[in-house]
Each structure stands twice: as C-alpha cells, then as structure tokens.
Amino acid sequence: MDAIQLLKRDHDQFRALLEKLEETSDRAIKARSALFHSLKAELVAHETIEEEILYPTMAEHRSAEDIVAHSYEEHHVIDVLLDELETLSFEDEAWSAKAHVLKENLEHHLEDEEEDLFPKALRLLSAEERADLGDEMEERQDEVLEAAVAHPHARVDKPR
C-alpha cells in the first residue's frame, strides 16, 4: 500500500474516533475508556511508523526538514496530552476539556500533514518508494498494535 494512502486511512480513523469520543457523556465511563484506549493505541502505532520510517526518509530531503521538525513537535504535544488524559478520571470535567484540546491539536496536526507533508512526499518520493515505505510501515504498525492488544492494560508508549 502507498505510504500516503496508509496514513490518510489512519487519519480518517482518528477523526471518527475523536467524534465518537467527544459524543460520550461524563457518565459513559466504559465507552469513553474503550474509545480513548483504542485511540491512544492507534495513535502510538501511527506516530511510531511516521517517526521511525517516514520522517527520517523525508528528512533526507532538505526541502522537507522544516515540515518534519514541525511534525515531531506536534507529536510531542499530542503525547503530552495523551499522558495527562491517562492520569485523569474519565468522569472528570477536566478530562472532557483536555480531550477537546487533544481533538483540536490532533485535527490541526492531521491537516498540517495532509496540506504540507503529504504533497511534498508525493513530489519527492516515487510511487515505488512510497509503496515500499507503505509496506514497511504497515508491517511495523501491525507489530506495535499487536503488542498493545496482547497487553491491553499495559502503558502504551512509542518504542524509541
């Protein structure tokens, strides 16, 4: 699969999960917990494949260095928000407020990638390179998600 198509598919999934999460009430603790942990596992896997595979490949091109650096920083902000949400009670009003901030930051990041990074990747990388990257990314993503499923109550962090 083309790397950009893979990432766009993930982005669509994140938007759907964010919508469902925002629709939960402070009393729907089980649903909110399940959606949050699903979103977090998927985000960690997605960030992992970008940071281990796509970003280093893109950073080899001088014209993409700034976009890649910006993307790493946005990942950091998202990770901080995920960690903070993990420490709060799902029924807490602060959880809802922070989840909304996560949604805004994540949506901004997805737009940045779709408007800046992906078009640049389409210009800089051949279809064959994107297909090879996509295959590698899909395999790595599956590994990270399998680890999250095998240990559902373990803390899910990006491998470094």
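Take numbering that gives the first Met the number 0: the last position of the sequence shown gets the number 159, and nothing is skipped along the way.
Ideal Cβ placement from N, Cα and C applies to all residues, glycine included.
Practice problem: Answer yes or no: do D11 and G133 have a C-beta to C-beta separation smaller than 8 Å? | Solution: The residue you call residue 11 lines up with position 12 of the sequence shown. The residue you call residue 133 lines up with position 134 of the sequence shown. Against a cut-off of 8 Å, the Cβ pair of G133 and D11 comes out as no contact.
Quiz item: Hey, L5 and H60: beta-carbon distance below 8 Å or not?
Solution: Sequence index remark: in the sequence shown, residue 5 carries index 6 (1-based). Sequence index remark: in the sequence shown, residue 60 carries index 61 (1-based). Result no, Cβ atoms of L5 and H60 do not sit closer than 8 Å.
Practice problem: Whole angstroms is fine: what's the gap from K97's alpha carbon to N104's? | Solution: Along the sequence shown, read from residue 1 onward, the residue named residue 97 stands at position 98. Along the sequence shown, read from residue 1 onward, the residue named residue 104 stands at position 105. Here the alpha carbons of N104 and K97 stand approximately 11 Å from one another.
Quiz item: If you compare alpha carbons, which of L20, H108 and A147 is closest to L84?
Solution: In the sequence shown, residue 84 corresponds to position 85, counting from 1. Checked all of L20, H108 and A147; the closest Cα to L84 is L20.
Self-check item: Own chain residues within Cβ distance below 8 Å of S62, not counting five before or after
Solution: Locating residue 62 in the sequence shown gives position 63, where the first residue counts as 1. For S62, where only same-chain residues beyond five positions count, the Cβ hits under 8 Å are K119 and L123.
Quiz item: Between A30 and V143, is the Cβ-Cβ spacing less than 8 Å?
Solution: Reading the sequence shown from its first residue, position 31 is the one you call residue 30. Reading the sequence shown from its first residue, position 144 is the one you call residue 143. No, Cβ-Cβ distance for A30 and V143 is not below 8 Å.
Exercise. Taking I48 and Q140 to be in contact with their CB atoms under 8 Å, please state how far apart those CB atoms are, rounded to whole angstroms.
Key: On the sequence shown, residue 48 is found 49 positions in, with the first residue counted as 1. On the sequence shown, residue 140 is found 141 positions in, with the first residue counted as 1. The Cβ separation is near 5 Å, so the contact holds.
Exercise. Tell me whether L116 is buried or exposed, calling it buried when 16 or more other Cβ atoms sit within 10 Å of its Cβ.
Key: The residue labelled residue 116 in the question sits at position 117 within the sequence shown. So L116 ends up on the buried side.
Practice problem: Take V148 as the anchor and find which of H99, E64 and H36 has the nearest alpha-carbon. | Solution: Position 149 of the sequence shown, counted from the start, is the residue given in the question as residue 148. V148 has its Cα closest to that of H36, out of H99, E64 and H36.
Quiz item: How many angstroms separate the CA atom of S70 from the CA atom of E110?
Solution: Taking the first residue of the sequence shown as position 1, residue 70 is located at position 71. Taking the first residue of the sequence shown as position 1, residue 110 is located at position 111. Rounded to whole angstroms, the gap between the alpha carbons of S70 and E110 is 11 Å.
Quiz item: When we look at the beta-carbon of H150 and count the other beta-carbons within 10 Å, is it buried (16 or more) or exposed?
Solution: As a first step, residue 150 must be located in the sequence shown, where it is residue number 151. H150 should be labelled exposed.
Practice problem: Counting only the same chain and skipping the five closest in sequence on each side, list residues whose C-beta sits under 7 Å from that of A58. | Solution: Within the sequence shown, the letter at position 59 stands for residue 58. Contacts found: E64 and V67.
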